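Residue numbers (this note's numbering), protein chains in the order written: chain E, 282 to 395; chain V, -4 to 104.
Each residue gets a CB set at the ideal place from its N, CA and C atoms; glycine is no exception.
This structure is a prediction, so every number in the text was calculated from the model and none was measured.
Since the structure comes first, as structure tokens, the remarks are kept for the end.
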Amino acid sequence: DAGVIQSPRHEVTEMGQEVTLRCKPISGHDYLFWYRQTMMRGLELLIYFNNNVPIDDSGMPEDRFSAKMPNASFSTLKIQPSEPRDSAVYFCASSLGSSYNEQFFGPGTRLTVL
Amino acid sequence: GEDVEQSLFLSVREGDSSVINCTYTDSSSTYLYWYKQEPGAGLQLLTYIFSNMDMKQDQRLTVLLNKKDKHLSLRIADTQTGDSAIYFCAEAGRRALTFGSGTRLQVQP
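Below, the structure written as structure tokens:
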């Protein structure tokens, strides 16, 4: 069974460009999480969804960040416009039944904003 | 507030035991988790412990929980070079799982 799938695995873009990160959760999982990992700040929860509905977006840094989950098998995290300080590894994770249950992580997208 | 704290770095020799420590804040956590992150990969669940347990053993892994002190530890026996990774503890926080900053374990041959 496929795990959490993220694309692209690597993204290099220039400041000011729009960036879209994609995630496909494990089939049947009803919770989806977006995290950002940097050396300075560690692993930060940005937003999570339950049954495609955003439950808590208090971790989203600012209005430049937006996330959607149009259906149970797909979510996007968009940054517009991107800035160099957005450079990080972005992880998507999914879980079944609760936001406190085991989370299954994707391989991450390494974003570099020049 | 929510703060799961871990030391940042641990270096051991191959064959020795490793002990990674974590302190957490939410005494109502039902589960406490240990995740492992290998280079270039996402986090993967290593083991977990119910809050009503003091200890859990799983092959080379031993988890100890001290609820009074809100202290969690992960012991890896006979540490191998393949155990080199970042280890995160996590508790059930206000929003979802709250992860510590991670402890980078370096195993020297």
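| query | Going along the chain, which residues of its own chain have a beta-carbon closer than 7 Å to the beta-carbon of glutamate 325/E, five neighbours each way excluded? | reply | As a working mapping, residue 325/E is identified with position 44 in the first sequence. The residues are Tyr316, Arg317, Gly340.
Please return the same chain residues whose Cβ sits closer than 7 Å to the Cβ of glutamine 75/V, not counting the five positions on each side in sequence.
Taking the second sequence and counting its residues from 1, one reaches residue 75/V at position 80. Cβ neighbours of glutamine 75/V beyond the five flanking positions: Glu9, Val102.
* aspartate 337/E, enclosing beta strand (DSSP E) - first and last residue -> Residue mapping note: residue 337/E aligns to position 56 of the first sequence, counting from 1. From DSSP, the beta strand (DSSP E) with aspartate 337/E extends over 334 to 337.
- request: Report yes if the C-beta distance between serine 354/E and proline 306/E is below 8 Å; otherwise report no.
  value: The residue given as residue 354/E occupies position 73 in the first sequence. The residue given as residue 306/E occupies position 25 in the first sequence. The answer is yes: Cβ separation under 8 Å.
Fill in: Contact list for proline 388/E against chain V, beta-carbon separation under 8 Å
Sequence index remark: in the first sequence, residue 388/E carries index 107 (1-based). Per Cβ cutoff of 8 Å: Gly35, Ala36, Gly37.
Practice task
Examine the ligand GDP and report whether any of its heavy atoms sits within less than 7 Å of the Cβ of tyrosine 371/E.
Solution key: The ligand GDP is not part of the structure shown, which contains no ligands of any sort.
Is it buried or exposed for aspartate 78/V, if we count other Cβ within 10 angstroms and need 16 for buried? The count along the second sequence starts at 1 and reaches residue 78/V at position 83. It is buried - the Cβ of aspartate 78/V has at least 16 other Cβ atoms within 10 Å.
Q.
Does the CB of glycine 77/V have a neighbour CB from chain E at under 8 Å?
A. Taking the second sequence and counting its residues from 1, the one referred to as residue 77/V is at position 82. Closer than 8 Å: no.
- Would you check if the distance between the CB atom of tyrosine 371/E and the CB atom of threonine 390/E is smaller than 8 Å? Counting from one through the first sequence, the residue named residue 371/E turns up at place 90. Counting from one through the first sequence, the residue named residue 390/E turns up at place 109. Yes, the Cβ-Cβ distance between tyrosine 371/E and threonine 390/E is below 8 Å.
**Asked** leucine 40/V touches chain E at which residues, Cβ-Cβ below 7 Å?
**Response** In the second sequence, counting from the first residue as 1, residue 40/V sits at position 45. Near leucine 40/V (Cβ distances below 7 Å), the residues of chain E are Glu383.
Determine, using beta carbons only, whether phenylalanine 314/E comes closer than 8 Å to chain V.
For the purposes of this step, residue 314/E is identified with residue 33 of the first sequence, where counting begins at 1. Yes - at least one Cβ of chain V is within 8 Å of the one on phenylalanine 314/E.
task = Pull up the CB-CB distance for tryptophan 29/V and leucine 59/V, whole angstroms please, since I reckon it's below 8 Å.
result = Position 34 of the second sequence, counting from 1, holds the residue named residue 29/V. Position 64 of the second sequence, counting from 1, holds the residue named residue 59/V. Wrong, their Cβ atoms sit about 11 Å apart, outside the cutoff.
(request) Following the continuous beta strand (DSSP E) through arginine 317/E, name the residue where it begins and the one where it ends. (result) For this step, residue 317/E is matched to residue 36 along the first sequence. Unbroken beta strand (DSSP E) run through arginine 317/E: 312 to 319.
For alanine 369/E and threonine 319/E, believed in contact at Cβ under 8 Å, the rounded distance: What you label residue 319/E is simply residue 38 of the first sequence in a count that begins at 1. What you label residue 369/E is simply residue 88 of the first sequence in a count that begins at 1. Rounded, the Cβ-Cβ distance is 5 Å, consistent with contact.
Worksheet item: Helix, strand or coil for proline 365/E per DSSP?
Response: Position 84 of the first sequence, counted from the start, is the residue given in the question as residue 365/E. The answer is helix: DSSP assigns proline 365/E an H, G or I state.
For serine 308/E and glycine 284/E, I'd like the C-alpha separation in whole angstroms.
Taking the first sequence and counting its residues from 1, one reaches residue 308/E at position 27. Taking the first sequence and counting its residues from 1, one reaches residue 284/E at position 3. If you take the alpha carbons of serine 308/E and glycine 284/E, they lie about 9 Å apart.
What are the boundary residues of the beta strand (DSSP E) that includes serine 68/V?
Your numbering for residue 68/V matches position 73 in the second sequence. Unbroken beta strand (DSSP E) run through serine 68/V: 66 to 71.
DSSP state of threonine 76/V, grouped into three classes?
-> Taking the first residue of the second sequence as 1, we reach residue 76/V at position 81. It is helical.
- prompt: Would you call lysine 63/V buried or exposed, if buried means 16 or more other Cβ atoms sit within 10 Å of its Cβ?
  reply: Your numbering for residue 63/V matches position 68 in the second sequence. Label assigned to lysine 63/V: exposed.
- Item | Cross-strand partners of methionine 50/V (DSSP beta bridge) | Position 55 of the second sequence, counting from 1, holds the residue named residue 50/V. Answer is Leu59/V, bridged to methionine 50/V.
For serine 46/V, I'd like the list of residues in its chain whose CB is within less than 6 Å of its CB, leaving aside the five on either flank, ordered along the chain.
-> As a position in the second sequence, residue 46/V is number 51, starting the count at 1. Correct list, in chain order: Ser24, Thr25.
Legend entry - Range of the contiguous beta strand (DSSP E) that encloses tyrosine 381/E: Translated into positions along the first sequence, residue 381/E becomes position 100. No beta strand (DSSP E) contains tyrosine 381/E, which DSSP labels as neither H nor E.
Item to complete: Please report how far the alpha carbon of glycine -4/V lies from the alpha carbon of aspartate 21/V, in whole angstroms.
Response: Counted from its first residue, the second sequence places residue -4/V at position 1. Counted from its first residue, the second sequence places residue 21/V at position 26. Here the model assigns glycine -4/V a pLDDT of 41, short of 50, so the residue's position is not dependable, and the following value carries that caveat. Roughly 9 Å separates the two Cα atoms.
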